[in-house]
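Engineer: Here this note's numbering is used: the first residue of the sequence shown is 6, the next is one more, and so on.
Virtual Cβ for every residue (Gly too), placed ideally from N, Cα, C.
This structure is in structure tokens; I'll ask about it shortly.
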Amino acid sequence: MLLQCGNAFVYRLLLHDEKLSRDNFLNWYEKLNDVLSSEGKLHMTKSPLPNPPTITSTESEIHAFEAAICDDKDIARMILGSVYPELRSSSMGYTVYGMFHTIKHMYEGKAFDEILEFVNMLRTGNKSACVRLSSDGLKDYMDMLDRFGSKKLNNNVIETIMKILPNKASDFNMED
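Given below as structure tokens:
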């Protein structure tokens, strides 16, 4: 148990040392997932807090809800501490679920803009962009987007690339 707590602490330090900025979302996102996985709290990003207990709730249901609130506050403070102030927004919400999805949504557009810039270089026949389009490079980029968890973004990117690429390799212009 001590080793597990130590690992979680180290992960938290790594997350705190490299605060989320406009340029490092995927690294920050992976570190946050590592922290939450090591603490067994990754599920907090996937679903909102449970409904508050009612009068008829059992004592164990009340304690479970209180524990969920306590964990949520702890993780929310960690997220706020790992984000540069200019990226924080009032629309983030105050729960882990709300913050996580707001941040992810903010960066989903940025990730799509980056790949559209790359695709536009392909469209214009830019030689450096064509060289960058190795199958391994494209696979690595798609893997990063997949880790980001956006099926819509991946589908849009694949569709756009397939429309732009020529039908035959001989049609690919490698000239500047």
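So residue 105 and residue 50 are in contact, right, with Cβ under 8 Å, and what is the actual spacing, rounded?
Structural biologist: Here residue 105 corresponds to residue number 100 of the sequence shown, with the count starting at 1. Here residue 50 corresponds to residue number 45 of the sequence shown, with the count starting at 1. Contact between residue 105 and residue 50 holds: CB atoms are separated by about 4 Å, below the 8 Å threshold.
Engineer: What residues in its chain sit with their C-beta under 7 Å from that of residue 70, if we drop five residues either side in the sequence?
Structural biologist: Taking the sequence shown and counting its residues from 1, one reaches residue 70 at position 65. The beta carbon of residue 70 is closer than 7 Å to those of 55, 57, 58 in its chain, skipping five residues each way along the sequence.
Engineer: On the DSSP bridge list, what partners appear for residue 25?
Structural biologist: Numbered from 1 along the sequence shown, position 20 holds the residue referred to as residue 25. 88, per the DSSP bridge assignment.
Engineer: Taking 8 Å as the limit between beta carbons, can you name the residues of its chain near residue 93, skipping five residues before and five after?
Structural biologist: In the sequence shown, the residue the question calls residue 93 occupies position 88. 85, listed in sequence order.
Engineer: In this structure, does DSSP put residue 54 in helix, strand or coil?
Structural biologist: Counting from one through the sequence shown, the residue named residue 54 turns up at place 49. Here residue 54 sits in coil by DSSP.
Engineer: Could you have a look at residue 107 and say whether DSSP puts it in helix, strand or coil?
Structural biologist: For this step, residue 107 is matched to residue 102 along the sequence shown. Three-state result, residue 107: helix.
Engineer: Which value, in whole angstroms, describes the spacing of the CA atoms of residue 113 and residue 91?
Structural biologist: Here residue 113 refers to the residue found at position 108 of the sequence shown. Here residue 91 refers to the residue found at position 86 of the sequence shown. If you take the alpha carbons of residue 113 and residue 91, they lie about 18 Å apart.
Engineer: Does DSSP put residue 17 in a helix, in a strand, or in coil?
Structural biologist: Locating residue 17 in the sequence shown gives position 12, where the first residue counts as 1. Three-state DSSP puts residue 17 in a helix.
Engineer: Over what stretch of residues does the alpha helix (DSSP H) that includes residue 47 continue unbroken?
Structural biologist: Against the sequence shown, residue 47 aligns to sequence position 42. No alpha helix (DSSP H) holds residue 47; DSSP gives it neither H nor E.
Engineer: Could you name the residues of the same chain whose beta carbon sits closer than 8 Å to that of residue 66, not counting the 5 residues immediately before and after it, in chain order?
Structural biologist: Walking along the sequence shown from the start, residue 66 turns up at place 61. Around residue 66: 58.
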